[in-house]
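Position in the sequence shown (first residue = 1) + 30 = this note's numbering.
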Amino acid sequence: MGTLASKANQSQKILWTAFHCLSSKGYANVSMRDIAEEAGVALSQLNYHFKTKEGLYMEVIRMMMQQFLLEVDEELKSVADSKEKIGSLIGYFNRLLRKRTELFRLFLDFTAQSIWVPNFKSLLKELFQNLSEIIEKHILTDENMNGRREQYSPKSLSKLILGALYGTSVQILLEFEEEHDFASLDLVEMIVT
């Protein structure tokens, strides 16, 4: 029994170390050897627990997905009014960019890699679909939010909201120099309400 627990602990340690290395240095700048050294394990242990580099990175993506989905769902559950929920969602992206930039960089990095790696693509596609569904469920079920846009489905509108927030966040990340650069994120609310 102790052996199973130690294997699980070592697997989790490797996973968290990979998450940290990838979110702080980026996909292109991290090798399996870097992760093994940082985790204090032999390189063979990464292959033992995750089989391949892609297998390890897919687990990191799954971990990132769970974190995003849980946080966005909790953020939107914490507010009652649909219009306030959009502001709350914008606030979440704002805090993500200001205080947890590494997590957003990892999201962006894996999005770019998903163009070339089919397994990453399926996971990122699932993440975007799930985030859109959360937005649809929490924000677009209110008639006040969807009433004047009846020619568009709530699914399409939720994708627009997510795309606007994600795309604007990427722009902020690329060109942030001054506080007013964050104003464009606040404008998303004006566009979608």
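Positions of the beta carbon are idealized from the N, C-alpha and C atoms, including for glycine.
For Ser74, which of helix, strand or coil comes out of DSSP?
Helix, per DSSP.
Where Ala72 and Lys151 are concerned, what is the direct C-alpha to C-alpha distance, given to the nearest angstrom?
29 Å
From Lys107 to Ser74, what distance separates their C-alpha atoms?
43 Å
Measuring alpha carbon to alpha carbon, tell me which of Thr198, Phe137, Thr171, Glu219 ends up nearest Met93.
Phe137
Excluding the 5 residues flanking Val218 on each side, which residues of the same chain have their C-beta closer than 7 Å to its C-beta?
Ile120, Ala194, Leu195, Thr198
Is there contact between the segment 98-115 and the segment 153-172, where contact requires at least three CB pairs shorter than 8 Å?
With a cut-off of 8 Å, the segment 153-172 and the segment 98-115 count as touching, because enough Cβ pairs lie within range.
What are the uninterrupted segments assigned as alpha helix (DSSP H) that are 4 or more residues long and contained completely in the segment 100-176, given in chain order?
Fully enclosed alpha helix (DSSP H) runs of 4 or longer: 112-129, 131-143, 148-169, 173-176.
Inspect the beta-carbon positions of Phe140 and Ile91 and report whether they are closer than 8 Å.
yes
Between which two residues does the alpha helix (DSSP H) harbouring Ser199 extend?
184-205
With the cut-off set at 8 Å, would you say Val222 and Ile116 are in Cβ contact?
yes
Could you tell me the distance, in whole angstroms, from the CA atom of Met31 to the CA atom of Glu67?
Only weak support exists for where Met31 lies, its pLDDT of 44 falling under 50; the coordinates are left without a value.
Any idea what DSSP makes of Thr82, helix, strand or coil?
coil
Leaving aside the five residues before and after Phe134 along the sequence, list all residues of the same chain whose C-beta is less than 7 Å from its C-beta, in chain order.
If we look at Phe134 and ignore the five residues flanking it on each side, its Cβ neighbours are Leu126, Leu127, Ser199, Leu203.
Here's the rule: buried if 16 or more other CB atoms are within 10 angstroms of the residue's CB, otherwise exposed. What is Thr171?
exposed
If distances are taken between C-alpha atoms only, which option among Ser41, Ser118, Ala69 comes closest to Ile191?
Ser118
Report back the beta-carbon spacing between Leu76 and Met62 to the nearest angstrom; my notes put them in contact at under 8 Å.
Yes, they are in contact, since the Cβ atoms of Leu76 and Met62 sit about 5 Å apart, within 8 Å.
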